[in-house]
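Below is one structure, written out as structure tokens; comments come after it.
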């Protein structure tokens, strides 16, 4: 286990298409976070899972966004009917509850919507 | 509202000079504060957190609740310190994290 992995690393899509990203956390980590980062900004929190339960969702997460973590392991983030404003780096992080909230980040998926 | 402010987008210092990256926060409760660093072509990683009161790579940060600040300091900057630094905040439950906009530090040889 070499850390948090994300796939794909890059995605180019046309406006209106649906995209799905995958995050594989560190195997024993029960917490998983999704963030969005645009140029010149810090990561913006999108949503948080503890095991398979989605416990927090940011107001940034519109109805076109949905995230799942069906078995408490990997997670997917789907964006429906993509818009140009969705172009960003999507980051995933995982942590172990009780480990003082230290998050380990993946390399990110860069989305470009044409 | 929860907010993390890093007033400097860019900071340049000479090698061997002291460096201070500023971070101010706004949070209704008892926050946990962190500094994350991103070196060129690497992923974001934790540098230090206030709860540990530790020094990592010569960096320290003290939580000042009166001034709601968590500035990052190092007495003698090194070239390998050049990176993007993000200040971050969470509640004690760890359910949400708030990041600042980051400060790009360049250490001039």
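Chains as they are written, first to last, in our numbering: chain E, 72 to 185; chain F, 9 to 117. All C-beta atoms in this analysis are idealised placements derived from N, C-alpha and C, irrespective of residue type, glycine included. Keep in mind it's a predicted model, so treat the numbers as computed, not measured.
Give me the Cα-Cα distance between residue i and residue j, rounded to the nearest whole angstrom.
i	j	result
residue 160 of chain E	residue 117 of chain F	31 Å
residue 48 of chain F	residue 114 of chain F	11 Å
residue 23 of chain F	residue 84 of chain F	7 Å
residue 133 of chain E	residue 110 of chain E	20 Å
residue 178 of chain E	residue 108 of chain E	12 Å
residue 67 of chain F	residue 20 of chain F	16 Å
residue 96 of chain F	residue 111 of chain F	12 Å
residue 77 of chain E	residue 72 of chain F	36 Å
Can you have a look at residue i and say buried or exposed, based on whether 16 or more other CB atoms are within 10 angstroms of its CB?
i	result
residue 176 of chain E	buried
residue 1 of chain F	Outside the displayed range of chain F (9 to 117) lies residue 1 of chain F, so it cannot be described from this structure.
residue 183 of chain E	exposed
residue 130 of chain E	exposed
residue 40 of chain F	buried
residue 69 of chain F	buried
Going along chain F, which residues have a C-beta under 7 Å from residue i?
i	result
residue 119 of chain E	103, 104
Quick one: what does DSSP say residue i is sitting in, helix, strand or coil?
i	result
residue 95 of chain E	strand
residue 58 of chain F	helix
residue 155 of chain E	helix
residue 190 of chain E	There is simply no residue 190 of chain E to check, as chain E begins at 72 and stops at 185 in what is shown.
residue 87 of chain F	helix
residue 76 of chain E	strand
residue 14 of chain F	coil
residue 78 of chain F	coil
For residue i, go through chain E and note every residue whose CB falls closer than 8 Å to its CB, in chain order.
i	result
residue 94 of chain F	113, 114
residue 108 of chain F	113
Using the beta-carbon of each residue, which ones in chain F are nearer than 8 Å to residue i?
i	result
residue 200 of chain E	Here chain E comprises residues numbered 72 to 185, so residue 200 of chain E is not present and cannot be evaluated.
Just the chain F side, please: which residues come within less than 9 Å of residue i by C-beta, in chain order?
i	result
residue 173 of chain E	42, 54, 57
Please list the partners that residue i has in chain E, where partner means a Cβ-to-Cβ separation under 9 Å.
i	result
residue 132 of chain F	Since the first residue of chain F shown is 9 and the last is 117, residue 132 of chain F is not available in this structure.
(Q) By the 9 Å beta-carbon criterion, what residues does the stretch 101-131 of chain E contribute toward chain C? (A) No chain C appears in the structure shown, which is made up of the protein chains E and F.
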